[in-house]
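This report concerns only the one structure given below.
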Amino acid sequence: MSKAEASVPADALPESKLGTKTHWDGVYERELNNWEDHRDEGEVWFGEEAVERMATYLERAFEDEELDVVLLQGPQAILDLGMGNGHLLFALHESPDVDVEPASMLGIDYSPASVSLAQRIGREKAEGSEEVRFEQVDLMSADAVNRLAGETGWAIVCDKGTLDAIALSSQPINDILPVDLYTEAVGKLTRPDGIFLITSCNFTKDELIRRFSEREGGLFDVEKVVPAPTFTFGGQTGQSTTTIAFRRRK
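First residue of the sequence shown: 1309, per my numbering; consecutive thereafter.
The following block contains the structure:
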């Protein structure tokens, strides 16, 4: 039995094509073609409400001075993991309450078509959007993560659906499950006292807290569970997505 097989996490998800690079390359190649033909920006993963929820949390954190303004004035202010079409970063750039230079925002994705799509959309968005940076980066590569983290890490790291996609792949890399490599990467990329803001559709609040805070080696404390719309079905109340802000321990 391999190390990965022996340590399958309790929150493991079933294997799916949604966890493969081939799938996402195809998705963003189609969306890139749609942009070229129709100026259609493509799907907003989890919908506009999830973007607004994350942006509103950060806006209020700025207003309440819960974020280190000095760190946010540096070159590594906001990092979006698996940015897709870049919608979240563009929304943050366009917000008057998020005082961050666009060149200090970076979106990464392992699909080159995603990077091309976000860059082209940025050229036609609000003034300064073309300065938001996008790069092809594989979070499963330790070398790439270390380069991206640099000496300090990022003040704010965001994820809207990337953990969900990665968790749908159970093929170990160097005997480590992708979902565990992701967890390690987030710890390296978020600077001490920085914020990791995540929205997930596949992980519950308790599962996210166990993964990033309570498990052995956890590097984060819960800063805030961001309220999300709820629904009731069969007498049970739930929500389609969960958003949590974690603060990186010093």
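Every residue gets a Cβ at the ideal spot worked out from N, C-alpha and C, and that includes glycine. All figures in this text were calculated on a predicted structure; none of them were measured in a lab.
Local conformation of residue i per DSSP, three classes
| i | result |
| --- | --- |
| Lys1433 | coil |
| Pro1535 | coil |
| Thr1551 | strand |
| Thr1460 | coil |
| Gly1546 | strand |
| Leu1505 | strand |
| Leu1414 | strand |
| Phe1520 | helix |
| Thr1540 | strand |
| Thr1498 | strand |
| Asp1514 | helix |
| Asp1488 | helix |
9 Å Cβ cutoff met for residue i and residue j
| i | j | result |
| --- | --- | --- |
| Asp1529 | Arg1557 | yes |
| Leu1414 | Phe1442 | yes |
| Gly1495 | Leu1425 | no |
| Leu1516 | Val1465 | no |
| Gly1461 | Leu1497 | yes |
| Val1408 | Ile1429 | no |
| Ser1437 | His1401 | yes |
| Phe1554 | Phe1520 | yes |
| Val1533 | Arg1361 | no |
| Ile1484 | Leu1447 | no |
Residue range of the unbroken beta strand (DSSP E) whose run includes residue i
| i | result |
| --- | --- |
| Lys1558 | It is not in any beta strand (DSSP E) - Lys1558 carries neither H nor E in the DSSP assignment. |
| Ile1386 | Ile1386 to Leu1389 |
| Glu1559 | This structure does not reach residue 1559, given that the chain is present from 1309 up to 1558, and the question cannot be answered. |
Where the alpha helix (DSSP H) containing residue i begins and where it ends
| i | result |
| --- | --- |
| Asp1405 | First-last for Asp1405: undefined, no H or E at that position. |
| Asp1573 | This structure cannot speak to residue 1573, because the chain is shown only from 1309 to 1558. |
For residue i: DSSP bridge partner residues
| i | result |
| --- | --- |
| Val1530 | Phe1554 |
| Asp1467 | Leu1389 and Ile1506 |
Taking only runs of the alpha helix (DSSP H) that begin and end inside the region 1327-1382, which ones reach a length of at least 4 residues, in chain order? Counting only unbroken stretches of 4 or more residues, the alpha helix (DSSP H) elements lying wholly within the region 1327-1382 are 1329-1346, 1356-1371 and 1377-1380, in sequence order.
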